[in-house]
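*Asks:* In terms of the numbering used here, the sequence shown is residues 29 to 467. The beta-carbon is built from N, C-alpha and C at its ideal position, and this holds for glycine as well. Since the model is a prediction, treat every value here as computed from it, not as a measurement.
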Amino acid sequence: MSVAGLRKAAHETVAGLPREFWWLWTSTLVNRLGAFVATFMALYLTLDRGYSATYAGLVAALHGLGGVVSSLGAGVMTDRLGRRPTMLIAQLSTAVSVAVLGFMVHPVAIAGVAFVVGMASNASRPAVQAMMADIVRPEDRVRAFSLNYWAINLGFAVSSAGAGFIAEYSYLAGFLGEAALTLACAVVVFLKVPESRPKEEPRAAGATAPDDVRLSTVLRDGRYMGVVGLSFLVALIFQQGYVGLPVAMGTDGLSSSDFGTAIAVNGVLIVALQIPVTRFIQHRDPRRLLILSSLLAGYGFGLTAFAGSVGVYALTVCVWTLAEIVNAPTQTGIVVQLSPAHGRGRYQGMYTMSWSVAALVAPLMSGFVIDRYGAVWLWGTCAVLGTVAAFGYWLLMRGLDLPDPTVTASATPAASPAPASVPAPVPVPAERAGAEPVV
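1. I need the DSSP call for H370, collapsed to helix, strand or coil.
2. Using the Cα positions of W51 and R400, report the straight-line distance between them to the nearest angstrom.
3. Curious, which full-length alpha helix (DSSP H) runs of at least 4 residues does the stretch 273-333 contain?
4. If you reduce the DSSP assignment to three classes, tell me which class K227 lands in.
5. Can you tell me the Cα-Cα spacing of I291 and G328, whole angstroms?
6. Applying the criterion that 16 or more other CB atoms from any shown protein chain within 10 Å of the CB defines a buried residue, is A43 buried or exposed?
7. Would the stretch 354-363 count as touching the stretch 313-329 if we require 3 or more Cβ pairs under 8 Å?
8. Give every residue of the same chain whose Cβ lies closer than 6 Å to the Cβ of T332, excluding the five residues on either side of it in the sequence, and list them in chain order.
9. May I ask you to verify whether the stretch 66-82 touches the stretch 389-399, counting CB pairs closer than 8 Å and requiring at least 3?
10. Below 7 Å CB to CB, which residues in the same chain sit around V97 once its five sequence neighbours on both sides are set aside?
11. Where does Y270 sit, in a helix, a strand or coil, going by DSSP?
12. Out of A88, A161, A185 and A172, which has the shortest C-alpha to C-alpha gap to R60?
13. What span of residues does the alpha helix (DSSP H) with V96 cover, start to end?
14. Could you give the DSSP three-state label for M132: helix, strand or coil?
15. Does the pairing of the stretch 285-299 with the stretch 367-386 give three or more beta-carbon distances under 8 Å?
16. So, with DSSP's three-state summary, where would you put S438?
17. Among the residues of its own chain, which have a CB less than 6 Å from the CB of L182, if the five just before and after it don't count?
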């Protein structure tokens with residue numbers, strides 16, 4: 029592509045998004061630049077503290093359990109209290125709890141504080157996702173969420189490599205660095221990001237709102253819960269990059285900096301490929317994309333069974349990273365389209381919970397399997413889960429019709445929020461291609 033073509037593509041990627049989005053994007057980047065605990069917890073406990081893989085898995089599972097507990101509560105807070113207050117509370121709590129975790133030495137204290145960190149760090153996700161859906165026009169959401177995901181991985185690529193070397197000298201410095209950058213993220217939100225919660229429609233005195241969304245409403249939404257369940261399977265696979273992979277590399281005699289180098293490939297590839305790949309897939313059939321990404325994820329981790337050096341581990345990371353690049357905008361696009369505006373917090377909270385439950389189950393699974401049977405069985409299990417998820421998407425998407433946001437955008441004024449009603453059941457349609465997902 030020529031220089032002029034690259035400039036045009038770059039302009040089309042970033043143009044037209046509201047200023048509030050870019051401040052939210054900045055806060056995301058700052059937050060991910062400080063990522064340390066979730067990435068290096070397993071190595072910290074096994075290499076620095078000398079605990080077993082099973083204990084490391086237990087602590088990581090408690091971290092995930094904290095996320096499960098906070099997901100639905102944060103979703104309700106996002107709808108009732110507001111997006112901005114929820115983010116501020118979550119980020120300030122994360123900064124304090126991460127700093128405290130760095131000073132814990134007793135195994136019970138480490139486990140307890142890790143649970144609190146999981147609650148705090150996960151609580152901002154429903155609010156961030158809901159706010160982005162609020163402030164960005166439907167036809168621009170593909171680009172907006174892809175740019176946000178790009179920021180996440182740009183920060184991750186920098187932090188994972190840098191933190192790997194920091195961990196060689198002081199894990200405490202990593203904990204305090206994450207706390208400081210999370211606090212900076214809260215400052216950005218406080219100073220620059222306004223509230224975006226849609227206003228309630230006026231109604232007659234004494235009248236009830238027939239379209240109120242409760243958690244029970246989300247649970248009764250069968251097609252949405254199907255997406256959430258399949259998201260859990262895919263998340264269970266991807267979580268192994270942060271719990272199973274570092275432990276497996278450690279048992280192969282590789283260091284924390286070796287793991288940092290290998291996992292940084294994930295962030296670097298996403299930074300390099302997320303935007304062009306999103307431009308390529310945004311008008312393609314999400315059914316095929318989700319099936320393809322599930323298979324790539326499962327068998328990408330399956331190939332890890334044949335790794336024994338940093339270079340080969342990095343190659344396997346390349347395979348499942350391609351799956352992540354395709355899955356992230358497509359999967360989240362379906363979630364956004366099925367979430368009503370006035371209930372986005374609860375819907376996003378349920379979706380976030382699927383990843384939180386995976387973060388709870390994955391460490392237990394990886395620790396048990398590695399200790400009892402060896403890492404090869406863990407990677408084989410990932411291949412099976414990827415196959416099951418792909419088959420599940422094939423079954424679900426046969427009867428799922430998603431609205432095309434380009435059509436919605438043409439019929440809805442740019443400043444208007446998405447319809448504030450729970451999506452009604454959609455009759456099973458004939459298959460159609462070209463459904464455009466948003467992240």
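*Replies:* On the basis of the coordinates in this document:
1. helix
2. 47 Å
3. 284-309 and 314-330
4. coil
5. 14 Å
6. exposed
7. yes
8. T344 and W407
9. With three or more CB-CB distances shorter than 8 Å, the stretch 66-82 counts as touching the stretch 389-399.
10. M147
11. coil
12. A185
13. A81 to R108
14. coil
15. Cβ pair count under 8 Å is below three, so no.
16. The predicted model places S438 with a pLDDT of 41, which falls under 50 and marks its position as unreliable; any figure quoted below should be read in that light. Judged by DSSP in its simplified three-state form, S438 adopts helix.
17. V299
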